[in-house]
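> Residue numbers (our numbering), protein chains in the order written: chain A, 1 to 303; chain B, 304 to 554.
Glycine included, C-beta positions come from ideal geometry on N, C-alpha and C.
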């Protein structure tokens, strides 16, 4: 997704003279062409994430549309108050694109992990949160929401799915109409694992995690009523992420709770092992086998 | 003190008394800076960011004088439906560029605005008022590095040096710090003196970001508040105190 990011940024700066990019000393080499072609709209502002967000807000107040790009925990968690005050409260058109999704930097340890970004950003009014699952999805969501006047967050993951999806920002997409009793909700690249882990369950894909449209909320409630079990799958903390979003939608829609509502994701603890992301997925049951087992546990409980 | 600056202080005391709110001493320390800035320095193409938002009563008093807001707006200060809060909201007040309140946010925003002016080849300066207490925040010094790095000669940081931090962590040697970060630095001995304040604005650098340090008194104009600035930091006057203060200013 990072290569796509560089291409999308190049195109965006080429098309929109008000677009500018501020990086926090990461992806400098990746964005070399952007820097060469647009030297007065590319700024590597070093390692000062709080001021980086503040600057972006000030630029937006003058009509520019800045993109801020750095590692997830530093731009989201360290600069959270700047995001709250300078971007969300003031409602400025600033786009944050992070790298280092969840435990992508597995071996670097918990300081470099970020599985709470979606949870905390979803709590901020005006913040639009996107978790694309593929390069094509990132490019589409980014371009479709460009210049919409709101602060936006895109979470780029190192891994992506290889499926062709038809998605829209702020909409949930029914990927598969299943015949089983389970209704699966998933966001990000785990869509691929989810489709492979189950053959007859209904799958709804949710690449936008805030401000879902009323139509999508209605669809989610209608599908929930038709299914016995609901399982949400995400590579994010189970506190405040996709699972909670779906749960809230069902509560708001006054839908009766399913027999089982299960959230699969990162549990409420620090992942203090190292290794690589695949090992973490395996340990958390976020690989095909793990997801399959969870779904089968559901089945066994039904018998 | 001119009668106009006395009137501003009376307006502020009155609305603070009636609505039982406001950071009066902070407003009194920046009143002259703001008034001379707005009435004699700022041009159409310039921008101003009030970073120390708790001094906003001074901004509101000046805005009222300039006709940016109405008397009714001013009188509603801090009430439930007012457009004028205890810290300004840029989405409610025309002419306010940043919603401040949390310290250390204005200067990074002003840097972004100054950079944008350059990107868009717009003329005009960006002014930002911060406080010496606010300078405890790390973003002040991140910003000091960034403004120098970006060569923002169109940025002017105004420091209300009212010694409000002397009981905790005083940001000593603000002047030396900004100089060491590569800024052009001016110091105004009396930030309440018209000619000294205006003179400093005539000496802004053409090739570096400028920092003007205004030595001010928190609560300037009322002895009781000047001498007890900590007790008065966020406190409205009583009716009896109002009478005393108005008398002191020569009613």
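Measure from the C-beta of residue 162(A) to each C-beta in chain B and report whether the shortest distance is under 9 Å.
Residue 162(A) does not count as touching chain B.
> Under 7 Å Cβ-Cβ, which residues of chain A neighbour residue 393(B)?
The answer, in chain order, is 90.
> Just the Cα atoms here: how many angstroms apart are residue 101(A) and residue 266(A)?
Between residue 101(A) and residue 266(A), the C-alpha separation is close to 12 Å.
> Note down, in chain order, every chain A residue with its Cβ under 8 Å from the Cβ of residue 412(B).
Within 8 Å Cβ-Cβ: 54, 55, 57, 58, 61, 86.
> Are residue 202(A) and residue 177(A) touching if we call contact CB-CB under 9 Å?
In this structure, residue 177(A) lies closer than 9 Å to residue 202(A) by Cβ.
> Along chain B, in chain order, which residues have C-beta atoms closer than 7 Å to that of residue 7(A)?
Per Cβ cutoff of 7 Å: no residues; residue 7(A) is ~22 Å from chain B at best.
> DSSP state of residue 258(A), grouped into three classes?
Coil, per DSSP.
> Indicate the three-state DSSP secondary structure (helix, strand or coil) for residue 324(B) in the structure shown.
Residue 324(B): coil per DSSP, three-state reduction.
> Of the residues that make up the region 413-432 of chain B, which ones have a beta carbon closer than 9 Å to any beta carbon in chain A?
Against chain A - using a Cβ distance shorter than 9 Å - the residues of the region 413-432 of chain B are 413, 414, 415, 416, 417, 418, 419, 420, 421, 422, 423, 425, 429.
> If residue 12(A) sits next to residue 73(A), beta carbons under 8 Å apart, how far is it from one beta carbon to the other, in whole angstroms?
Not a contact, Cβ separation roughly 25 Å.
> What's the gap between the Cα of residue 307(B) and the Cα of residue 461(B)?
In a straight line, the C-alpha of residue 307(B) is about 22 Å away from that of residue 461(B).
> Relative to the C-alpha of residue 31(A), which residue among 194(A), 245(A), 10(A), 231(A) is closest?
Nearest option by C-alpha distance: 10(A).
> Please report how far the alpha carbon of residue 274(A) lies from the alpha carbon of residue 284(A), in whole angstroms.
C-alpha separation (whole angstroms): 13 Å.
> Mind checking residue 82(A): buried by the 16 CB within 10 Å criterion, or exposed?
That one is buried.
> So, at 6 Å on beta carbons, what are the nonlocal neighbours of residue 121(A) in its own chain, with the 5 sequence-adjacent residues on each side left out?
Closer than 6 Å at the Cβ level, and outside the excluded window around residue 121(A), lie 127, 129, 153.
> What's the gap between the Cα of residue 188(A) and the Cα of residue 156(A)?
The alpha-carbon atoms of residue 188(A) and residue 156(A) are separated by roughly 9 Å.
> Do we get a CB-CB distance below 9 Å when we pair residue 40(A) with the residues of chain B?
By this cut-off, residue 40(A) is an interface position.
> Give the range of the beta strand (DSSP E) segment to which residue 19(A) is assigned.
Note, residue 19(A): beta strand (DSSP E), 19-23.
> For the candidate residues 309(B), 486(B), 477(B), whose alpha-carbon lies nearest to that of residue 458(B)?
Of the candidates 309(B), 486(B), 477(B), the one whose C-alpha sits nearest the C-alpha of residue 458(B) is 486(B).
> Along chain A, which residues have their Cβ under 9 Å away from the Cβ of residue 442(B)?
48, 50, 51, 54, 82, listed in chain order.
> With a threshold of 9 Å between beta-carbons, can residue 121(A) be considered close to chain B, or not?
Chain B, which has no Cβ nearer than 9 Å to the Cβ of residue 121(A), makes this no.
> Sort 94(A), 49(A), 205(A) by Cα distance to residue 133(A) and report the nearest one.
Residue 133(A) has its Cα closest to that of 205(A), out of 94(A), 49(A), 205(A).
> Kindly indicate which residue of 60(A), 223(A), 225(A), 107(A) has the alpha-carbon position closest to the one of residue 272(A).
The residue with the shortest Cα to Cα distance from residue 272(A) is 107(A).
> Enumerate in chain order the residues of its own chain whose CB-to-CB distance from residue 431(B) is below 6 Å, with the five nearest sequence positions on each side excluded.
Excluding sequence neighbours, residue 431(B) sits near 352, 354, 409, 410, 413, 460.
> On the CB-based measure, 16 or more other CB atoms within 10 Å of its CB, does residue 482(B) come out buried or exposed?
Exposed, because fewer than 16 other Cβ atoms sit within 10 Å of the Cβ of residue 482(B).
> Does residue 127(A) have its Cβ less than 9 Å from a Cβ in chain B?
Judged by the 9 Å Cβ criterion, residue 127(A) is not in contact with chain B.
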